[in-house]
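Under my numbering, think of the first position of the sequence shown as 1, with each following residue one higher. Glycine included, C-beta positions come from ideal geometry on N, C-alpha and C. Keep in mind the model is a prediction, meaning the values are calculated, not measured.
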Amino acid sequence: MSKLLHLLRPLVQISYRYPYLVLGLCLLTALVSANFALKLKIDTDIASLLPESNENVQALRALQESVGGETVMEVAIRSSSFEANKAFAEDLIEESLALYDERRDQSFISQVEYQRDTDVLRDNALFLATDSELDQIIGFLEEEIEQAREEANPFYVDFEEDFEEDGEDDGRGEGDLGSFRETYDDLIPTEFPVNQDSTLMVLKMYPTGSQSDIGYLEDLFESFDTLIASMEPANYHPDMEVRFGGRLKRHLNEFESIMGDVFNSFATGFSGVIFLVLLYFFFKKYFHYRQGHRDDQLHGFLSHLFRSPVPILVIGVPLLISLAWTFGIAYWALGALNTMTSVLFVILFGLGIDYGIHYYARYIELRSVGQSVENALLEAYSKTGAAILVSALTTASALFILVIAEFRGFSEFGLISGTGILLALAAMLYIMPSILTLFERWGWILLVERSAENGVRPMFRRYPYVRGIVGVSILISVVVLFYSSDLRFEYEFSKLEPKFPEYQSFRDFTRGVDKSDRRNPAYIITETDEDLFEVMDTLRARKESNTESMILSVEAFQERFSEDPAAAEQKLDRIAEVRRLLRNPFLVDQEDEDLDLLRRASQTTEALPRDQIPDFLMNRFVTRDGGIGRFLIVYPNEGLSDGRRSIAFKNEIGEVSVSSGRVYHAGSTSIVAAEMLDLMIDESPYMVSATFLIVLFFMFYSFRSFRWGLIAMIPLLIGFLFLFGFMVITGFKFNFYNLVVLPAILGIGCDNGVHIAHRYREEGRNSMWNVLSSTGQHITVGSLTTMMGFAGLLFTAHPGLQSIGIMAVVGVGMTLITALTFLPALVQLLEDKGWLRY
């Protein structure tokens, strides 16, 4: 490390000799970079957290390209008059389909689900039945005929009837219509999508754009809001109320919430960091100034107060330059930020400022003992620069390890933050000297040489209470290790998402209209009809063979309707067989609800043309070009808010191979979310382990001593155990947000130990209290600024981002506490026993 510092030492001298040139060039490049950084967008699409090469992501992209958005836009119309609701709905549909997206040169809405022609379905329900359902119906009728024949026999006695208990027969035994009756009830809903008293109507509008296209959603809702206002619902009925949204609008609200959180967290963290730095350096400079010779103290308190913003400029300008460079590079490398990297600006602000605090604080101390500006710059660079370089390279390397992860929440976080750390280091070591030089020339930094008689004596000659501190810390660590099995992972997605009152209000408003247990569907697009049916059979076989299957049902329009004349003729023959059985003398005069249903549903004698099939039945299967998509829809039998169920569903249907050799993958937002969670859980142990090893390597390489490398890591090791203890006591859990920051805390947490150990070795024996009075201050302020950078996330509305803030603040705080207590106590104890070599 010293060789690298020595090699780059001329850069500090250039910065001192040509401050205007250095600062001017850096500001110019920062302005250019900032221009690109401002073009960065935040992509809240969960698929952006996985590599584009991921099969399930590709399946989702293919689905979005061919079908459009997975989520419909719902429009709710409520008034006391059904006729008024109906009139408004019909006018709204006409106007909605005419809405045009000029920016993308396409319509906003492709189709609307409204009035349902249920008579056609009731008359032709068997033509839309599957082969297995027709087999079941024929079997049911044959059993009914046989049962009626036996009952017609005067000698027939039903011995089983005496053994049947009351309430045991639920009407769904082997001899009923079984799954077809359930399908029939789902297939043929009410004519209009209304609630029980017909005062509420809910339309489903199918968007042409993807829910991940935030610009499209903003334009869609703005246009739709304007449209509804222009139609004046009160003209249709005085008490009419119209709302629109649903999950599609919730997605936009989530994006807007994250954007608001990013700016709010930055404002909170930025102001906190600025205030702390300003306060610390004001008192530090004034304290050193008052220690000088009285004859040299030419400036009073007000002069110092007037110059109190100077440290913000000294440290802030290089930091902002490094941030502009970092996010300019991020724009060219990535093009956009994801949910997890969206908060990196405020985090890097808190991290990068640490290096400036250490450098500037050491510079003040050196100038206060009478060194010239140039010598103070070079000596601060040589001494403090060594510790800064080690801590920065360790942190950056730990973060760069994340780049190898497939989970882009890890890899992009590591790339941007690692780059930001290195650029902040470079800015503080090689740009800050030019600013200090200029400010010294302009008389903005008030420093005088310290007087010997005004020096402050240390409170203690040695660090006190060493045995008690070491003993208590080790005891706490052992207890935490014992209870470490109580650490938990939060799988419940709903607990990590912000709550949106508007969305909940809309759900309450639309309650009672067409609510189905079929939610969170996954889609599998196939290349041929043969593959489609084989995939369907495979998934149904998996469902039957697995008692814990997550599959509720598998649907494909081709299974119910085929435009192939031969297939249609074959189905008509089966329907004719049903009619023949219904005309059997034992059934023809029977009055039965199921038989009446079949008598009407079997009237089809000619193939039903596609244009006679109601739109509401086909909407789920229609592609953007208006054709029937060659895909099947798989519904889970449980909600997927729990990540474990989501992963189980993904594992069961995520990949299907067919006899042709093709492999198909399921696509949906829920499948991608499960793949993301699964991948992150798999990679997290490797990322944390690799980060720990790289930190260990840098510690040993920097100190060239196993003993001192281990000593420098003590705040990290014990601090992490204290963090886990906090989690066990409070019930705070790991989740797929805060796991991203765990490797970062590993890199950040080693900084304090590095600075304390380096300074102690520099000062020698019996110097620990002096080290803490100087470097201890620096690491305290540095850690507090880092914590404040993360603390901005504590005030966000997003629980996932909040958890990042909690994890980081507590983790960094614990490493600071151990660096100021356990590490000095242990070093003092080892010094007393003569076990240290310098």
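Residue i burial status per 10 Å Cβ neighbour count (16 or more: buried)
{"i": "residue 752", "result": "buried"}
{"i": "residue 723", "result": "buried"}
{"i": "residue 338", "result": "buried"}
{"i": "residue 798", "result": "buried"}
{"i": "residue 332", "result": "exposed"}
{"i": "residue 848", "result": "Nothing about residue 848 can be reported from this structure: the residues present for the chain run from 1 to 838 only."}
{"i": "residue 360", "result": "buried"}
{"i": "residue 325", "result": "buried"}
{"i": "residue 596", "result": "exposed"}
{"i": "residue 778", "result": "buried"}
{"i": "residue 630", "result": "buried"}
{"i": "residue 504", "result": "exposed"}
{"i": "residue 487", "result": "exposed"}
{"i": "residue 10", "result": "exposed"}
{"i": "residue 482", "result": "exposed"}
Spatial distance of residue i from residue j (CA atoms)
{"i": "residue 192", "j": "residue 124", "result": "19 Å"}
{"i": "residue 696", "j": "residue 774", "result": "26 Å"}
{"i": "residue 107", "j": "residue 61", "result": "20 Å"}
{"i": "residue 376", "j": "residue 743", "result": "35 Å"}
{"i": "residue 254", "j": "residue 508", "result": "19 Å"}
{"i": "residue 159", "j": "residue 138", "result": "Note that residue 159 scores 47 on pLDDT, short of 50, meaning its location in the model is unreliable; the coordinates nonetheless yield the value given after this. If I take the Cα positions, the gap works out to 26 Å."}
{"i": "residue 839", "j": "residue 12", "result": "The structure shown does not extend to residue 839, since the chain is modelled only from 1 through 838, so no value can be given for it."}
{"i": "residue 857", "j": "residue 436", "result": "This structure leaves residue 857 out entirely; the chain is present only between 1 and 838."}
{"i": "residue 822", "j": "residue 707", "result": "16 Å"}
{"i": "residue 765", "j": "residue 736", "result": "45 Å"}
{"i": "residue 827", "j": "residue 715", "result": "12 Å"}
{"i": "residue 117", "j": "residue 346", "result": "56 Å"}
{"i": "residue 344", "j": "residue 271", "result": "16 Å"}
{"i": "residue 247", "j": "residue 239", "result": "26 Å"}
{"i": "residue 466", "j": "residue 429", "result": "36 Å"}
{"i": "residue 628", "j": "residue 39", "result": "39 Å"}
{"i": "residue 479", "j": "residue 353", "result": "35 Å"}
{"i": "residue 499", "j": "residue 431", "result": "44 Å"}
{"i": "residue 174", "j": "residue 805", "result": "Interpretation of residue 174 is limited by its pLDDT of 42, a score under 50 that renders its predicted location unreliable; the figure taken from the coordinates is listed afterwards. Cα to Cα, residue 174 sits roughly 58 Å from residue 805."}
{"i": "residue 168", "j": "residue 140", "result": "Any reading at residue 168 must be qualified, since the residue scores a pLDDT of 47, below 50, and its modelled position is unreliable; no value is offered."}
{"i": "residue 30", "j": "residue 323", "result": "8 Å"}
{"i": "residue 790", "j": "residue 771", "result": "27 Å"}
{"i": "residue 808", "j": "residue 794", "result": "10 Å"}
Cβ distance (whole Å) where residue i is taken to contact residue j below 8 Å
{"i": "residue 261", "j": "residue 801", "result": "6 Å"}
{"i": "residue 425", "j": "residue 289", "result": "Incorrect: roughly 29 Å between the Cβ atoms, too far for contact."}
{"i": "residue 269", "j": "residue 350", "result": "6 Å"}
{"i": "residue 490", "j": "residue 726", "result": "16 Å between Cβ atoms; not a contact."}
{"i": "residue 202", "j": "residue 578", "result": "The pair is not a contact, with the Cβ atoms about 35 Å apart (cut-off 8 Å)."}
{"i": "residue 407", "j": "residue 126", "result": "Actually they are not in contact, since the Cβ atoms of residue 407 and residue 126 sit about 49 Å apart, beyond 8 Å."}
{"i": "residue 412", "j": "residue 510", "result": "That belief does not hold up - the Cβ atoms of residue 412 and residue 510 are roughly 37 Å apart, past 8 Å."}
{"i": "residue 110", "j": "residue 624", "result": "7 Å"}
{"i": "residue 745", "j": "residue 811", "result": "4 Å"}
{"i": "residue 113", "j": "residue 619", "result": "5 Å"}
Sequence-distant residues of its chain with Cβ nearer than 8 Å to residue i (five each side left out)
{"i": "residue 647", "result": "674, 677, 678"}
{"i": "residue 613", "result": "120, 128, 561"}
{"i": "residue 276", "result": "781, 784, 785, 788"}
{"i": "residue 63", "result": "70, 523, 525, 631, 667, 668"}
Beta-carbon contacts of residue i that lie in its chain and below 7 Å, excluding the five residues immediately before and after
{"i": "residue 767", "result": "760"}
{"i": "residue 687", "result": "401, 402, 405, 410, 743"}
{"i": "residue 641", "result": "492, 493, 494"}
{"i": "residue 540", "result": "554"}
{"i": "residue 380", "result": "359, 362, 363, 366"}
{"i": "residue 219", "result": "101, 103"}
{"i": "residue 815", "result": "715, 716, 719, 749, 752"}
Proximal residues to residue i (C-beta, below 6 Å), its chain only, five neighbours per side dropped
{"i": "residue 303", "result": "none"}
{"i": "residue 75", "result": "203, 244"}
Going residue by residue through the segment 78-135, where are the continuous alpha helix (DSSP H) segments of at least 4 residues, counting only ones entirely within it?
82-98, 118-124
Identify every run of the alpha helix (DSSP H) within the segment 280-316, keeping only runs that are complete inside it and at least 4 residues long; order them along the chain.
Counting only runs of 4 or more, we get 301-306.
4 or more residues per run - each alpha helix (DSSP H) lying fully within the segment 15-70
19-37, 55-66
Sequence ranges, alpha helix (DSSP H) only - wholly within the segment 637-676, length at least 4
The segment 637-676 contains these whole alpha helix (DSSP H) runs: 643-653.
Whole runs of the alpha helix (DSSP H) within the segment 586-621, excluding any shorter than 4 residues:
593-601, 615-618
Ordered list of alpha helix (DSSP H) runs contained in the segment 794-838, each at least 4 residues:
799-820, 822-832
I'd like the ranges of any beta strand (DSSP E) spanning at least 3 consecutive residues and lying wholly in the segment 192-233.
For the segment 192-233, whole beta strand (DSSP E) runs of length 3 or above, ordered along the chain, are 200-207.
Could you give the uninterrupted runs of the alpha helix (DSSP H) lying entirely in the segment 501-527, keeping only those of 4 residues or more?
501-509
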